[in-house]
Structure formats: structure tokens, C-alpha cells
Amino acid sequence: MATVFVALSGGVDSSVAAAVLKDDGFDVVGGHITCWDGCEQGEERRDARRVAFHLGIPFLTFDLRREYRARVFDSMVREYAAGRTPNPDVMCNREIKFGAFLERALRLGADYIATGHYARLERGGGIGLFEGADKQKDQSYFLWSLAKPQLERSLFPLSRCTKSEVRRMARQWRLPTAEKKDSQGLCFVGKVSFGDFLRELLPRRPGPIVTADGTRIGEHDGLAFYTIGQRHGLGIGGGAPYYVAAKQPETDTLVVGVGPGDPVLYRKEIVVSQLNWISGSREGRYEVRIRYRQPKVAAVVEAGPWGVRVVFDEPQRGVAPGQSAVFYDGEQVLGGGIIEY
Numbered sequence: 034m035a036t037v038f039v040a041l042s043g044g045v046d047s048s049v050a051a052a053v054l055k056d057d058g059f060d061v062v063g064g065h066i067t068c069w070d071g072c073e074q075g076e077e078r079r080d081a082r083r084v085a086f087h088l089g090i091p092f093l094t095f096d097l098r099r100e101y102r103a104r105v106f107d108s109m110v111r112e113y114a115a116g117r118t119p120n121p122d123v124m125c126n127r128e129i130k131f132g133a134f135l136e137r138a139l140r141l142g143a144d145y146i147a148t149g150h151y152a153r154l155e156r157g158g159g160i161g162l163f164e165g166a167d168k169q170k171d172q173s174y175f176l177w178s179l180a181k182p183q184l185e186r187s188l189f190p191l192s193r194c195t196k197s198e199v200r201r202m203a204r205q206w207r208l209p210t211a212e213k214k215d216s217q218g219l220c221f222v223g224k225v226s227f228g229d230f231l232r233e234l235l236p237r238r239p240g241p242i243v244t245a246d247g248t249r250i251g252e253h254d255g256l257a258f259y260t261i262g263q264r265h266g267l268g269i270g271g272g273a274p275y276y277v278a279a280k281q282p283e284t285d286t287l288v289v290g291v292g293p294g295d296p297v298l299y300r301k302e303i304v305v306s307q308l309n310w311i312s313g314s315r316e317g318r319y320e321v322r323i324r325y326r327q328p329k330v331a332a333v334v335e336a337g338p339w340g341v342r343v344v345f346d347e348p349q350r351g352v353a354p355g356q357s358a359v360f361y362d363g364e365q366v367l368g369g370g371i372i373e374y
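Residue numbers (this note's numbering): 34 to 374.
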């Protein structure tokens, strides 16, 4: 039977993934990835180790702190400094879980790695990535950047499970993490707000806050500290609800919309680069997701030398450069890329 290294995070999902694979007869090894000092890293490793002991499987720790800082954290900070909104979860999947961890596991004799992602792989006629059965937990959006060789060496044991079923199985197997709450946020942020975290890292570069017609209504302390669609924390009085619509790094200008229906908040088309196609082609009529858990929307995708141009059937609100646009054909992930503008 094949050997599978399971990325045991210390949470219930990866714990059940390991239990399912062992129950199916795989030779399972638990692997805990250390990405960052502090936070709750010690607690997570302890829980992962307890699960491995409970299941009677070997347990290894993979110290990937250097790789995480270089490939994920530093890249994220540079993107925010440039006025963009990156997605560190996408980068972590590509560079760490299905990158450095996969590479080390293969060197140690693994045939596959496995994670607790809610997504589905199909191997008939070539590898294909699909949404998981639980649409509320589906994580296929975060996996678009994986190359086919990475997917071919991966298993998603929870692909056909709902979260409630995972909890039930965890209780049946009496796993130590059965009642553990799901983790929230990024490990390196801690208990402060993400905006305050960035303010500790990046210099303040004040600039004007303007409406779509150029009217100056306030001043911000740095574009990096605001996100597209943000309403609160802008420091603008007057009673009207203001929403961040765009950042203009060349002039350090923050553009806001007045009220949720302001046309400046909506985009009819976007440009997407840094493309990765798992299936399909660069052109066609697809469904597109531009944020996690946002409903997929219909659009036409047109190829170009710079990437693709995506024209939505209906204008979309809250499009953020630096975020991921993921293309679907029904439940199948065709590929994705990074929103440029």
C-alpha cells in the first residue's frame, strides 16, 4: 500500500484526513509543519502529536520557517507595500504545503501527501481539481495555483465530506481534536487587528482620501493599511457610509465610494495575470470567483499577451488587485490568476 504523509495541523480536519487514510489501509505518517515562531504553534504541534499517537502512526516535524518567511511572508508584505491585497493562503499552499513539504516528504519515501482541504481530485484521463462536497467549506479557491505534478501527488480525503460529518467521524474515532474549534486568521498576526499588524511593519505614507469626482474628504495614513470594500476605520465624518473603492499608489490617493451603490465600487472587467491552467484554455465563457465564498459569476475570458481580460455579465463590487480570480466550469477548477486591475 502507498505511503502518505499527512500534513497534521493540529486541527480536526487534518486529524480526520489521517484517520480516513489509515482506515483505508494506507501507510500513514503524520507531518506537522512549523511555519512561524510564537502564536499557538506549540499547542498546535502538541495536538497534532496527540492525534498521531492516538492513531498509532509515526510523527515528524517539518521546520519550514525559513521557506515560509521568504516565499510567503516577505512576498505578502511587499505586495501590501505596493498597494495591493495579496492572498497568503494561496501562496502558502503553493510554496509550503504542496511545495517544500511535498518535496521533503517525497525525499523521505512518500508516494503522496494529504491535507484536510475540502476539495476534490479526479484522476481519470488526467488530474482534475473540483469543489468539495460541502459548499460552505469548499477550499478549491485557494488551490488554483497548484501545478499538475503537485496535484498528482496529493490526496484530499475529505473531498466528499461535510463539516458535520467530519466532526461525527472525529467523535467516532475519539480523536483528541474532535471538539476543537477551527482556527481563525493568520498565524503570524496574533491577537491584534491585521491593520495594526501592518502598521508595525510598514512606514506610514499619508495621502488624500477622495470621492470619484476628485473631492477631497480626508486623509489616510498609508494605502497599505486599507482594503478594497472596507467601510469602517476610515476616519471620515459626515454621516454618509464610505467604502474603499480603489488605491492609486502613484499619487498615494485612496478613492472611496459614497454608499454601497456608488458606481465607483463596481468593475465590469478586470485583467488577470500570473495564470495557472489546470484544465481548459485561456479563452471561453466561464464562471469566475474573485473572493473566497463569493458566489461564482458568469464572465467571458479573453486571452491576451499580458494574461486574460475578464468581462463580467454584471459589474462586480469589491474587486481587489492582488487577490485571486479563479475560473470554474461547473464544479471543476480550470485555473486562476492574480487580479492586476
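For glycine and all other residues, C-beta sits at the position ideal for the given N, C-alpha and C.
All values derive from a computational prediction rather than experimental measurement.
Inset, instruction - Please state whether DSSP places Arg79 in a helix, a strand or coil. - result: In this structure, Arg79 counts as helix in the three-state DSSP scheme.
Inset, instruction - Measure how close the beta-carbons of Ser42 and Glu77 come, nearest whole angstrom, since I'm counting them as under 8 Å. - result: In this structure, Ser42 and Glu77 form a Cβ contact; the two beta carbons are roughly 6 Å apart against a cut-off of 8 Å.
Inset, instruction - In the DSSP assignment, find the alpha helix (DSSP H) that holds Pro182 and state where it starts and stops. - result: It spans Lys181 to Glu185 - the alpha helix (DSSP H) in which Pro182 sits, taken as one unbroken run.
Inset, instruction - Tell me, to the nearest whole angstrom, how far the beta carbon of Ala147 is from that of Gly165; I am working on the premise that it is less than 8 Å. - result: Taking 8 Å as the upper bound for CB-CB distance, Ala147 and Gly165 are not in contact here, some 14 Å apart.
Inset, instruction - Express the C-alpha separation of Ile129 and Ser306 in angstroms, rounding to a whole number. - result: Answer to the nearest angstrom: the Cα atoms are 22 Å apart.
Inset, instruction - Give me the Cα-Cα distance between Cys58 and Tyr299, rounded to the nearest whole angstrom. - result: Residue 58 is actually Gly in this sequence, not Cys. Distance between the alpha carbons of Gly58 and Tyr299 is about 51 Å.
Inset, instruction - Can you tell me which of the three DSSP states Asn120 falls into? - result: DSSP, reduced to helix, strand and coil, places Asn120 outside both helices and strands of the structure shown, so it counts as coil.
Legend entry - Val84 - DSSP class collapsed to helix/strand/coil: It is helical.
Inset, instruction - Return yes when the Cβ of Ala331 is within less than 8 Å of the Cβ of Glu316, no when it is not. - result: No, the pair does not count as a contact, with Cβ atoms beyond the cut-off.
Inset, instruction - Classify Gly228 as helix, strand or coil using the three-state DSSP reduction. - result: Helix.
Inset, instruction - Going by DSSP, name the residue or residues bridged to Asp60. - result: Bridge partners of Asp60: Thr36.
Inset, instruction - In angstroms with no decimal places, state the Cα-to-Cα distance between Thr67 and Leu54. - result: Each residue's alpha carbon lies about 23 Å from the other.
Inset, instruction - Helix, strand or coil for Lys130, going by three-state DSSP, please let me know. - result: Helix, per DSSP.
Legend entry - According to DSSP, residues forming a beta bridge with Gly251: Answer is Ile242, bridged to Gly251.
Legend entry - Beta-carbon proximity check, Ser357 vs Tyr101, cutoff 8 Å: At the C-beta level, Ser357 and Tyr101 stay beyond 8 Å of one another.
Inset, instruction - Give the straight-line distance between the Cα atoms of Arg232 and Phe258, rounded to the nearest whole angstrom. - result: Rounded to the nearest angstrom, the two C-alpha atoms are 7 Å apart.
Legend entry - Euclidean distance between Cα positions of Asp122 and Asp171: Pairing Asp122 with Asp171, the inter-Cα distance amounts to about 14 Å.
Legend entry - Endpoints, beta strand (DSSP E) assigned at Tyr113: Under the DSSP assignment, Tyr113 falls outside any beta strand (DSSP E), being part of the alpha helix (DSSP H) whose first and last residues are Asp107 to Ala114.
Legend entry - Alpha-carbon to alpha-carbon, Gly370 and Asp362: Approximately 16 Å, taken between the alpha carbons.
Legend entry - Identity of the residues DSSP links to Trp310 by a beta bridge: For Trp310, which the question treats as bridged, DSSP gives the partners Gly368.
Legend entry - Backbone secondary structure at Gln349 - three-state DSSP: Residue state, collapsed to three classes: strand.
Legend entry - Residue nearest to Gly351 in terms of C-alpha spacing, selected from Trp339, Val277 and His87: For Gly351, the nearest C-alpha among the options comes from Val277.
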